[in-house]
Each structure stands twice: as C-alpha cells, then as structure tokens.
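Take a look at the structure below.
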Amino acid sequence: METNQLEVLARIVLPSEILSYFSVVGVEQTSTEIHIHLDELMNPSLSHDVHFESKGFMETVSVTDFPIRDHKVLLKIRRRRWTDTRTGKSFSIPINLDVVCKGTRYSKEFGAFLKETYGDVPCDLPYT
319 METNQLEVLA RIVLPSEILS YFSVVGVEQT STEIHIHLDE LMNPSLSHDV HFESKGFMET
379 VSVTDFPIRD HKVLLKIRRR RWTDTRTGKS FSIPINLDVV CKGTRYSKEF GAFLKETYGD
439 VPCDLPYT
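The sequence shown stops at residue 446 when you use our numbering, and every number in between is there.
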C-alpha cells in the first residue's frame, strides 16, 4: 500500500505522463534544492530480443520544474542506450513525451507558467 501512495504522490508532483516512461530511482534534498532522479524504464520488446542489448544510460539531463516548499526542483533524467548487436550501432528509443519547454531547460508546464506570469522565461528569478 505504501508504494501505491508514493506513486500517487509522484504522479501529482511530476509532469504528466512521465511515469509512463521513467521510474523514480532516487530523491535528494539540500537546503535549497530537490533532485528527483528518473531512469528510463526497460523496453520489454527490446530486452527480450537477442539482437539488442541495453548498454546503460546516456548522460543525465537536468530539467527545472515547479518549486516545492521553497525548494528548486531539478528532474535528473537518464535515457537508456541500446546497441544493435548486428550492426554495433547505438541508439535510444524515441518516446512520445514532450517534457521540456522549447529552447529552455524548464519543464513545459513551468516554462508556460513563467512566460504567462513574467512575459518571458527569465533566468534571474528564485527557483529558476
């Protein structure tokens, strides 16, 4: 039951549909920031295919999201790296998830909020 409550909380706090593609693997808090670590879920169709291997993760991407309780929130997102064993080429699976506001490192919802409130996405505000 506790896991379900944590998942419900994560679905409320995180951008919509992100838990369809990523799992929360860690949360760190400092006096001013909350870092939520998200790893891309294993793709069952590729993981069961002998021609493809998961080769860990790509470099972490940080996305600033809505502040929580006076703490800047950073989503630390890691995408899986796959290798086609027949060709040796690496790739990542395209996902239909538009999390980042175009031209920024803000979540789409947070970027829209800043633009509506301040007319632009400023970089000198608290929590940005």
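Note that the Cβ used here is the ideal one computed from N, Cα and C, for glycine as well.
Fair warning: this is a prediction, and the values are worked out from it, not measured in the lab.
8 Å CB neighbourhood of residue i in its chain, flanking five on each side removed
i: residue 369; result: 402, 403 and 404
Simplified DSSP assignment, three categories, for residue i
i: residue 412; result: coil
i: residue 325; result: helix
i: residue 392; result: strand
i: residue 433; result: helix
i: residue 358; result: strand
i: residue 338; result: helix
i: residue 349; result: coil
Proximity below 8 Å, CB of residue i to CB of residue j
i: residue 384; j: residue 340; result: no
i: residue 378; j: residue 396; result: yes
i: residue 356; j: residue 393; result: yes
Contacts around residue i, its chain only, beta-carbon distance under 7 Å, and the 5 residues preceding and following it disregarded
i: residue 399; result: 373, 374, 375, 376, 408 and 410
Supposed close pair residue i, residue j - CB separation, criterion 8 Å
i: residue 391; j: residue 352; result: 5 Å
i: residue 386; j: residue 331; result: 7 Å
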